[in-house]
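Asker: Residue numbers (the numbering used here): 36 to 281.
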Amino acid sequence: MASSDHPSSSTEYPSSLMQSLARDAISSRAWLDRGARPATAPTTLTASLGEYDSRDSVLEWSVMLIDQSNRSGSMEFSVPAADPSTFFPISVGFSASNTFSSMKVTAILPLQGGSSKYSQQHIYTHLAIYCSDIVGSYWADSPRSMLPIYHELIAAGIKIWVFSGDTDAVVPVTATRYSISALKLPTLMNWYPWYDHGKVGGWSQVYKGLTLVTVAGAGHEVPLHRPRQALILFRHFLKDTPMPTQ
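1. With burial defined as no fewer than 16 other Cβ atoms inside 10 Å of the residue's Cβ, what is the status of Gly254: buried or exposed?
2. Helix or strand or just coil, what does DSSP make of Pro228?
3. The beta strand (DSSP E) with Lys234 in it runs from where to where?
4. DSSP state of Leu259, grouped into three classes?
5. For the beta strand (DSSP E) that Thr246 lies in, which residues bound it at each end?
6. Tell me where the beta strand (DSSP E) around Ser199 begins and ends.
7. Let me know the secondary structure DSSP gives Thr211 once reduced to three states.
8. Express the C-alpha separation of Glu256 and Gly192 in angstroms, rounding to a whole number.
9. Report the rounded CA-to-CA distance for Leu223 versus Leu259, giving the unit in angstroms.
10. Tell me Thr222's beta-bridge partners as DSSP assigns them.
11. Could you have a look at Ser180 and say whether DSSP puts it in helix, strand or coil?
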């Protein structure tokens with residue numbers, strides 16, 4: 036996964052929804068390159084976070100936004116699969132004023148002389164609006180830590196599997212390992228690599244009542260980035276067997 040420059044703090048966002056988008060329809064360039072990710076992130080999205088995932092001719096990405104009422108959200112795009120012979124670079128333009136409801140796709144253009152077979156009807160968009168940061172900061176009717184709940188579930192005989200993409204920048208796997216270590220559970224199988232068709236699919240450690248699994252090359256949404264490895268993980272969870280060692 037490639038991404039554009041991450042804002043160092045929320046103060047770098049304009050007060051109204053991405054004023055840079057309001058002035059002009061911003062084009063983000065992406066290559067429909069079968070099975071490969073774009074070599075570099077677009078340089079046009081310096082005020083937002085663009086995430087890219089290219090898998091079998093399907094390109095998906097999102098742009099993180101914040102509006103003048105301090106609500107956060109994202110505009111998500113996806114391009115359906117096409118015949119490999121029709122692959123070409125495209126530019127998708129979208130615009131907004133200062134509210135999420137005004138966002139719309141404005142243009143879908145071929146780049147470098149390509150002949151586009153896509154129209155606006157072929158670009159699927161989805162707008163997700165999240166809770167305000169104020170709610171996230173002051174909501175107190177929830178536990179500060181899940182670790183005591185893990186202990187309660189394990190004591191009740193409920194087995195837990197925790198999985199994490201090892202390139203997850205939202206919930207880093209290192210922090211997850213530290214948290215699970217704090218449970219001080221007896222170790223049944225030490226940290227070991229698990230395999231998918233002869234290649235390392237990630238790492239795992241089995242504790243009494245809890246299994247930790249990492250998935251190599253996956254980000255925050257493991258099934259999106261590594262669907263086959265995610266299916267292997269899910270099958271072993273249902274069978275309650277450790278991840279494969281070969």
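Don't be surprised by glycine CBs; every beta carbon is placed ideally from N, CA and C.
All values derive from a computational prediction rather than experimental measurement.
Answerer: If we stick to the structure as given:
1. Numbered from 1 along the sequence shown, position 219 holds the residue referred to as residue 254. Label assigned to Gly254: buried.
2. The sequence position of residue 228 within the sequence shown is 193, counting from 1. Three-state result, Pro228: strand.
3. Stepping through the sequence shown from its first residue, residue 234 is reached at position 199. Lys234 to Tyr242 is the span of the beta strand (DSSP E), which, as asked, contains Lys234.
4. In the sequence shown, counting from the first residue as 1, residue 259 sits at position 224. In the three-state DSSP reduction, Leu259 falls in the helix class (H, G or I).
5. In the sequence shown, residue 246 corresponds to position 211, counting from 1. Unbroken beta strand (DSSP E) run through Thr246: Leu245 to Val250.
6. For the purposes of this step, residue 199 is taken as residue 164 along the sequence shown, with counting starting at 1. Here the beta strand (DSSP E) through Ser199 covers Ile195 to Gly200.
7. Taking the sequence shown and counting its residues from 1, the one referred to as residue 211 is at position 176. Correct three-state label for Thr211: helix.
8. Indexing the sequence shown from 1 puts residue 192 at position 157. Indexing the sequence shown from 1 puts residue 256 at position 221. Rounded to whole angstroms, Gly192 to Glu256 spans 28 Å at the Cα level.
9. To locate residue 223, count along the sequence shown from 1; it is residue 188. To locate residue 259, count along the sequence shown from 1; it is residue 224. So the two alpha carbons sit approximately 30 Å from each other.
10. Here residue 222 corresponds to residue number 187 of the sequence shown, with the count starting at 1. According to DSSP, which records beta bridges pairwise, Thr222 is partnered with Tyr242.
11. Translated into positions along the sequence shown, residue 180 becomes position 145. In this structure, Ser180 counts as coil in the three-state DSSP scheme.
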